[in-house]
Structure formats: structure tokens, C-alpha cells
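Heads up, the thing below is written out as C-alpha cells.
So, in C-alpha cells, the structure goes:
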């Protein structure tokens, strides 16, 4: 299994698109995709475009795993300015449309105030802001996805 990480600090050079084309030109493949940056970051858009290309190429996504600031994509309280793309909404719609596992790292989510109803009650917080189709889980879900996938593709992060 090979991993490819694309940092948000680097502008996607033509090499990114060549890599994506080569990966997607392979025989049918299973991908695990991990996003480390918030919905407003350029790498979130790149990750979503890549995920769409995976399906357009006839491939499969085993799991989407949102880690570090990527957990903000799952917050129901994200408000995007009217002149910007609402990538958090696009991620939610993409996950629901394709019936994917949209897994949000529970430790990263709790640290950033992203809670489902169960965790909001457990930590006595007034409201939950993580709704379906998202699910909170641990890093074990990423490990499981890596074991099931042919490739792990990571977007964002330091």
C-alpha cells in the first residue's frame, strides 16, 4: 500500500495532477483519503476534487478520515461567506450521495469543540454540532481503512 501526502503549504503544481492521473489510470483501486485541514483551506478543495475524480474513474473510496483541523469540515456550525464555496456542505453532500464513511477523529474533534449528541451529553455541553452523515471514531478507523485500501492519499497538514 502506498501513501501520498499533499501539504496545504504547497500550491498544487502540475505534478499533483499528473500523480492523480497516474493513480486514477491504474486498474480499479481502493482509496482511503485523509484530510488534515479545515474546509476553508485550499487542500480541502483539492481533496474533494480528487475524491470526485476517484469515482469518475470507476474506483472506490474505502473511507474518508478527517483529522486535526479537518474535523472542522464536519461542524454543522461552519458558516461560509456568500462569495465563497461552502466546502463543508459539499463534503457532507458528497459523503451522503456516495454513502461513504465520513469518519471524524474523536480526539481531534473534542479538542476543537466538534461534538455529536452523545459526546455533548457526556461532557455536559449545551449542544451538538456534528450531525449525520458524519461519525466520530478513533484512529483505528484510519488504520482499518489503510489495511483495506490500495492507496492512502492525505491532504493538508503541516
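Residue numbers (the working numbering): 595 to 752. Cβ atoms here follow ideal geometry from the backbone N, Cα and C, with glycine treated the same way. Remember, predicted model here, so these are calculated numbers, not experimental data.
Going by DSSP, what residue range makes up the alpha helix (DSSP H) through residue 657?
As a first step, residue 657 must be located in the chain shown, where it is residue number 63. Premise fails: residue 657 lies in the beta strand (DSSP E), 654-660, not in any alpha helix (DSSP H).
DSSP three-state assignment for residue 602, whether helix, strand or coil:
Locating residue 602 in the chain shown gives position 8, counting from the first residue. Confidence at residue 602 is low in this model, with a pLDDT of 49, below 50, so the placement of that residue should be treated as unreliable; the coordinate-derived value is given next. Reduced to three states, the DSSP call for residue 602 is coil.
Go ahead and label residue 734 buried or exposed: buried means 16 or more other beta carbons lie within 10 angstroms of its beta carbon, across all protein chains shown.
Along the chain shown, one-based indexing puts residue 734 at 140. By the neighbour-count rule (16 or more Cβ atoms within 10 Å), residue 734 is not buried but exposed.
Where residue 732 falls, given that 16 or more other Cβ within 10 Å makes a residue buried:
By 1-based counting over the chain shown, the position of residue 732 is 138. So residue 732 ends up on the exposed side.
Can you tell me where the beta strand (DSSP E) with residue 697 in it begins and where it stops?
Against the chain shown, residue 697 aligns to sequence position 103. Run containing residue 697: 696-699, per the beta strand (DSSP E) assignment.
Under 8 Å, with one C-beta from each stretch per pair, do the region 677-689 and the region 716-724 reach the 3-pair mark?
no
When burial is assigned at 16 or more other CB atoms within 10 Å of the CB, is residue 737 buried or exposed?
Within the chain shown, residue 737 is the residue found at index 143, counting from 1. Looking at its Cβ environment, which holds fewer than 16 other Cβ atoms inside 10 Å, residue 737 is exposed.
Tell me which residues share the same chain as residue 652 and place their Cβ nearer than 7 Å to its Cβ, disregarding the 5 neighbours each side in the sequence.
Residue mapping note: residue 652 aligns to position 58 of the chain shown, counting from 1. Within the same chain, residue 652 has close Cβ partners 622.
Status (buried if at least 16 other CB within 10 Å, exposed otherwise) for residue 673
Within the chain shown, the letter at position 79 stands for residue 673. Exposed is the call here.
How is the alpha helix (DSSP H) around residue 689 delimited, first residue to last?
Here residue 689 refers to the residue found at position 95 when the chain shown is read from its first residue. Run containing residue 689: 681-692, per the alpha helix (DSSP H) assignment.
Just the Cα atoms here: how many angstroms apart are residue 718 and residue 699?
Stepping through the chain shown from its first residue, residue 718 is reached at position 124. Stepping through the chain shown from its first residue, residue 699 is reached at position 105. One C-alpha to the other measures close to 20 Å.
Look at residue 628 and residue 748 and say whether their C-beta atoms are less than 9 Å apart.
For the purposes of this step, residue 628 is identified with residue 34 of the chain shown, where counting begins at 1. For the purposes of this step, residue 748 is identified with residue 154 of the chain shown, where counting begins at 1. Yes; because the gap between Cβ atoms is below 9 Å, this pair is in contact.
Tell me which same chain residues have a C-beta within less than 6 Å of the C-beta of residue 609, skipping the five on either side of it?
Reading the chain shown from its first residue, position 15 is the one you call residue 609. Any reading at residue 609 must be qualified, since the residue scores a pLDDT of 48, below 50, and its modelled position is unreliable; no value is offered.
Assuming residue 750 and residue 664 are in contact, meaning their beta carbons sit under 8 Å apart, how far apart are those beta carbons, in whole angstroms?
As a position in the chain shown, residue 750 is number 156, starting the count at 1. As a position in the chain shown, residue 664 is number 70, starting the count at 1. That belief holds up - the Cβ atoms of residue 750 and residue 664 are roughly 6 Å apart, short of 8 Å.
Within 10 angstroms of the Cβ of residue 667, are there 16 or more other Cβ atoms? Answer buried if so, exposed if not.
What you label residue 667 is simply residue 73 of the chain shown in a count that begins at 1. Buried, since its Cβ has 16 or more Cβ neighbours within 10 Å.
Helix, strand or coil: which one does DSSP assign to residue 626?
Walking along the chain shown from the start, residue 626 turns up at place 32. Correct three-state label for residue 626: strand.
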